[in-house]
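There are 2 protein chains.
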Amino acid sequence: MDWPLQISDYLAAKAPLGSQVSIRGWVRTRRDSKAGFSFINVHDGSAFDGIQVVADQSLPNYQDDVLKLSAGCSVEVSGELVKSAGKEQAVELQAQAISVLGWVDDPETYPVAKKRHSFEYLRTVAHLRPRTNTFGAVARVRNSAYQAIHRYFSERSFNWVNTPIITASDCEGAGEMFRVSTLDLLQVPRNDKGEIDFSRDFFADEAFLTVSGQLNGEAFCTALSRIYTFGPTFRAENSHTSRHLAEFWMVEPEVAFANLQDNADMAEEFLQTIFKAVLNECGDDMAFFAQHVNADAITRLQSIVDSEFVRMDYSEAITILEKCGKQFEFPLHWGVDLQSEHERYLAEEHVGRPVILMNYPKSIKAFYMRANDDDKTCAAMDVLAPGIGEIIGGSQREERLDLLDEKMDALGLKEDLWWYRDLRRYGTVPHAGFGLGFERLLNYITGLDNVRDVIPFPRVPGSALF
Amino acid sequence: MDWPLQISDYLAAKAPLGSQVSIRGWVRTRRDSKAGFSFINVHDGSAFDGIQVVADQSLPNYQDDVLKLSAGCSVEVSGELVKSAGKEQAVELQAQAISVLGWVDDPETYPVAKKRHSFEYLRTVAHLRPRTNTFGAVARVRNSAYQAIHRYFSERSFNWVNTPIITASDCEGAGEMFRVSTLDLLQVPRNDKGEIDFSRDFFADEAFLTVSGQLNGEAFCTALSRIYTFGPTFRAENSHTSRHLAEFWMVEPEVAFANLQDNADMAEEFLQTIFKAVLNECGDDMAFFAQHVNADAITRLQSIVDSEFVRMDYSEAITILEKCGKQFEFPLHWGVDLQSEHERYLAEEHVGRPVILMNYPKSIKAFYMRANDDDKTCAAMDVLAPGIGEIIGGSQREERLDLLDEKMDALGLKEDLWWYRDLRRYGTVPHAGFGLGFERLLNYITGLDNVRDVIPFPRVPGSALF
Chain A
20 MDWPLQISDY
30 LAAKAPLGSQ
40 VSIRGWVRTR
50 RDSKAGFSFI
60 NVHDGSAFDG
70 IQVVADQSLP
80 NYQDDVLKLS
90 AGCSVEVSGE
100 LVKSAGKEQA
110 VELQAQAISV
120 LGWVDDPETY
130 PVAKKRHSFE
140 YLRTVAHLRP
150 RTNTFGAVAR
160 VRNSAYQAIH
170 RYFSERSFNW
180 VNTPIITASD
190 CEGAGEMFRV
200 STLDLLQVPR
210 NDKGEIDFSR
220 DFFADEAFLT
230 VSGQLNGEAF
240 CTALSRIYTF
250 GPTFRAENSH
260 TSRHLAEFWM
270 VEPEVAFANL
280 QDNADMAEEF
290 LQTIFKAVLN
300 ECGDDMAFFA
310 QHVNADAITR
320 LQSIVDSEFV
330 RMDYSEAITI
340 LEKCGKQFEF
350 PLHWGVDLQS
360 EHERYLAEEH
370 VGRPVILMNY
380 PKSIKAFYMR
390 ANDDDKTCAA
400 MDVLAPGIGE
410 IIGGSQREER
420 LDLLDEKMDA
430 LGLKEDLWWY
440 RDLRRYGTVP
450 HAGFGLGFER
460 LLNYITGLDN
470 VRDVIPFPRV
480 PGSALF
Chain B
20 MDWPLQISDY
30 LAAKAPLGSQ
40 VSIRGWVRTR
50 RDSKAGFSFI
60 NVHDGSAFDG
70 IQVVADQSLP
80 NYQDDVLKLS
90 AGCSVEVSGE
100 LVKSAGKEQA
110 VELQAQAISV
120 LGWVDDPETY
130 PVAKKRHSFE
140 YLRTVAHLRP
150 RTNTFGAVAR
160 VRNSAYQAIH
170 RYFSERSFNW
180 VNTPIITASD
190 CEGAGEMFRV
200 STLDLLQVPR
210 NDKGEIDFSR
220 DFFADEAFLT
230 VSGQLNGEAF
240 CTALSRIYTF
250 GPTFRAENSH
260 TSRHLAEFWM
270 VEPEVAFANL
280 QDNADMAEEF
290 LQTIFKAVLN
300 ECGDDMAFFA
310 QHVNADAITR
320 LQSIVDSEFV
330 RMDYSEAITI
340 LEKCGKQFEF
350 PLHWGVDLQS
360 EHERYLAEEH
370 VGRPVILMNY
380 PKSIKAFYMR
390 ANDDDKTCAA
400 MDVLAPGIGE
410 IIGGSQREER
420 LDLLDEKMDA
430 LGLKEDLWWY
440 RDLRRYGTVP
450 HAGFGLGFER
460 LLNYITGLDN
470 VRDVIPFPRV
480 PGSALF
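Line by line, the protein sequences are chains A and B.
Going by my numbering, 105 is the number at position 86 of the first sequence; the sequence numbering is gapless.
Going by my numbering, 64 is the number at position 45 of the second sequence; the sequence numbering is gapless.
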């Protein structure tokens, strides 16, 4: 089929000057000249910029329609593509016909009419905020990063695997979970002991929303060698911070025959590839973020693309932090987890570029992480980036059944996760992977502080609007 | 970083004969020759085929290890890539060293040891079934189709948008929904009237798992012009059929300034593009399906790639079906929905290629579909394919507020969906889109009958295993 050119195509000179073209989109601004014509900026979301339409009073509906156009009206404009008189754009559209497709019901109260709204307010009109400069740019950048992630893995022979959203086990203890049920809450069935009778629920068992696809992903990794998951995950934490969502997207690659060093190399290559793609594909959107949101937005991504990431042992990091003379809010000694202030000191002040911290105390890490020979640490890693702290967490997985069983016994997981043990009983292999929260990545890319502003319809305690 | 070559690369001659290489994977079969060597077929999931390893008794661990290898053992083999003596493959690997990474705990009971298992049985070991020929092929084909879908939209300037999984409204009435909650089921809070007090639930409201991302997608479509969603959707239907999953993946594009004809053109181009990609990228996997699952698997995809889809009005289809003289189980007259037998008769017997049925009676279609001027039909379409029936359903959306309001009033949706009405109050535009169930598409591609066999971990009534 013939896909019509969009405004982005005309701005990128995909049609020669003098072409007869037509565009469809929404009015952003209208400015009337005393000389008897109007400049109308029309957007269609295909690019950060709209195209300037020049409408002359000789248009038959100039008085009745053109002079009434306000922000948000939808129009179809046909005319000639001409060299722009202004400096902002190379081309503009000299209108020969303008038809109004949809008016704005009461322009005075159009919720996103004004140029500047607070982000808090715009969350209450999340259905309209993609029409604004900021949230249009967020949507394009989110898409660009998303597609780049799929390309990154695809080009390296990974298979995308979807892991289940509904799960019957709280495998990881990674956090509070949402219950999924079809039981009638007014008549919850009970068994003889007075307990809830989940055998009568939809799945004949207690069911929850997943907190991670990793364990399921490992099952496919130990058959297909290279897999990744990229889907929604959930936390029922009552956290009202700028960093927590009840529903967020996570990328989790898992690679067979890989160790912790390979995993660190992949994390570095991965971040650099994604950042490079966004900088290449969304130049105008990123320029907007750098100008209006965070002056470092572009330079810090570029610096990560150009840097070699430092590898450092957790133990070395502790020594550095203890000796650095800086006063931290959270005191620190070998064996405790790092706080954001420590992570950012290491990345921003001590080395000035991303650091991959490795070999954490095993007592503070998850049961599936591979024990090191020192009997104290495990093959875990966190990638710390200047300006944000931890952005990726991963590990080599424990592939030795006896050592895994020790951990699972202690947590009482062996019965529930019999199938996960099978992956070690049958042709076990070394393997490693990591997890990256997509919204935190987007906060880093755009410079926006709040995860609620980089996902289309945020779910947080007290609100599942839209 | 350096990504090691995989077995697929060696089979595709990406390393010259005579190269010293090493591979890592899982043993499929071992055959010992009386002449003092063994043939070991090793898979790593990167291709349908494994590579043949030739292990000579001169290997130091030939007796202790090689002769004990069984299906599922993991190995690392280094050696020389040589021309194969057999006819099946061009190359084989003459082993110089074989190390066993993981044995199989009791080869007699290895759940996927045998060559042929029933699909029903394999669902009970869904964590191991990707190691089999059939389910390895399914995983690669699923990935190939998934990536092709993202490429299709990306190359046409669509933005991927994730719509929320958790939703507070049953907007469409499209089916039974799962409740999402953190309420304590043993102490469900009630209000003064004795009703459940959802203000005390996590989202301060009743919340469910989404049945479709379309309405949310439309909000982004009316800002970015071309968007698509591709994510999990849910139905709490107690259906124990081969066509129903409680959790399944759906693709939903939405295009501004498009009408029903554009939508039909997109559906045709979309299916042809995806099928072409899978045929190109997964030739060996598809050959396996054609040989072992459905002899038509390849030819029917190829025929769709090569066909022009027929467009037909619903009304014309009714006339054809009434006059065709065939005895249908479900009787038919203008105004009722078609059954699978009717759809398949039209596609398979009447025209012999895909048919896009258009302009259905509005009484049997959803509230958001655009009313036609005849006051009887709406701008809905279904794509019917030979061998499966309906594979895509879509429509032009009702962009006129007054007509939409009539429908929403009748269903009592206006209050809940105030934001959806806003999309028509502010710069409304014609737009259209469709929905495609990813698992049904994969059933069609692979020839496998059951949706449970084309998703990694199926969720169905009574089971959320793994």
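Just so you know, even glycine gets a beta-carbon here, dropped at the ideal spot from N, CA and C.
Per the Cβ contact rule, the segment 285-297 of chain A is not in contact with the segment 416-432 of chain A (fewer than 3 Cβ pairs under 8 Å). The beta carbon of A:Arg-219 sits closer than 6 Å to the beta carbons of Pro-208 from its chain, once the five residues preceding and following it are set aside; these are given in chain order.
In this chain, the alpha helix (DSSP H) harbouring B:Glu-300 covers 279-300. Using a CB distance cut-off of 7 Å, B:Ser-261 does not count as an interface residue toward chain A. Inside the segment 38-118 of chain A, DSSP marks whole beta strand (DSSP E) runs of 3 or more residues at positions 39-52, 56-62, 70-75 and 93-102, from first to last along the chain.
In summary, the residues of the segment 213-226 of chain B whose CB is separated from some CB of chain A by less than 7 Å are Ile-215, Phe-221, Phe-222, Ala-223, Asp-224 and Ala-226, in the order they occur in the chain. Per DSSP, the beta bridge partners of A:Val-274 are A:Arg-245 and A:Ala-451. Within a 10 Å sphere around the beta-carbon of B:Phe-239 sit 16 or more other beta-carbons, which makes this residue buried. The beta carbon of B:Leu-120 sits closer than 7 Å to those of Ser-93, Val-94 and Glu-95, all from its chain and outside the five residues before and after it, given in chain order.
Nearest C-alpha to A:Val-324 among A:Val-297, A:Glu-367 and A:Arg-330: A:Val-297. Under the 7 Å criterion on CB atoms, B:Cys-92 is classed as interfacial with respect to chain A. Shortest Cα-Cα distance from B:His-263 to any of B:Arg-471, B:Gly-69 and B:Gln-233 involves B:Arg-471.
The way I'd put it, the segment 322-342 of chain A does touch the segment 365-380 of chain A; three or more beta-carbon pairs between them come closer than 8 Å.
Boundaries of the alpha helix (DSSP H) around A:Arg-443: 437-444. Here B:Leu-24 carries a coil assignment [DSSP, helix/strand/coil]. Comparing alpha carbon positions, the residue from B:Ala-399, B:Asp-393, B:Ala-275 and B:Arg-372 closest to B:Ala-385 is B:Ala-399.
Segment contact: the segment 299-311 of chain B against the segment 276-286 of chain B, fewer than three CB-CB distances shorter than 8 Å; contact not assigned. Nearest C-alpha to B:His-352 among B:Ser-118, B:Ser-334 and B:Val-473: B:Ser-334.
Within the segment 292-349 of chain A, the complete alpha helix (DSSP H) segments of 4 residues or longer fall at 302-311, 316-325 and 333-342, listed in chain order. Non-local C-beta neighbours of B:Ala-132 in its own chain, meaning closer than 6 Å and more than five positions away in sequence, comprise Ala-90, ordered along the chain.
DSSP places A:Thr-396 inside the beta strand (DSSP E), whose first and last residues are 396-404. The DSSP-derived three-state label of A:Tyr-364 is helix. Pairing B:Arg-444 with B:Arg-416 gives a Cβ-Cβ distance that is not under 7 Å.
Spanning the alpha carbons of A:Val-85 and A:Gln-108 requires a straight line of approximately 22 Å. Not flagged as an interface residue toward chain B: A:Phe-453, since no C-beta distance is shorter than 7 Å. In chain order, Pro-380 place their CB closer than 6 Å to the CB of B:Gly-354, counting only its own chain and leaving out the 5 sequence neighbours on each side. Taking the Cα positions, A:Lys-102 is about 28 Å away from A:Asp-83. Counting only Cβ-Cβ distances below 7 Å, A:Gln-291 has no contacts in chain B at all, with the closest Cβ about 10 Å away. Interface residue (Cβ-Cβ distance to chain A less than 7 Å): B:His-146 is classified as such. Per DSSP, reduced to three states, the secondary structure at B:Ile-383 is helical. One thing to note: B:Asn-178 has its Cβ no nearer than 7 Å to the Cβ of A:Ala-164.
Using a Cβ-Cβ cut-off of 7 Å, B:Trp-437 does not count as an interface residue toward chain A, since no Cβ of chain A sits closer than that to its own. Among the CB atoms of chain B, one or more fall inside 7 Å of the CB of A:His-169. When rounded, the separation of the alpha-carbon atoms in B:Val-160 and B:Thr-465 is 8 Å. DSSP places B:Glu-139 inside the alpha helix (DSSP H), whose first and last residues are 138-142. Of the residues A:Gln-113, A:Asn-181 and A:Asp-468, the one whose Cα lies closest to the Cα of A:Val-73 is A:Gln-113.
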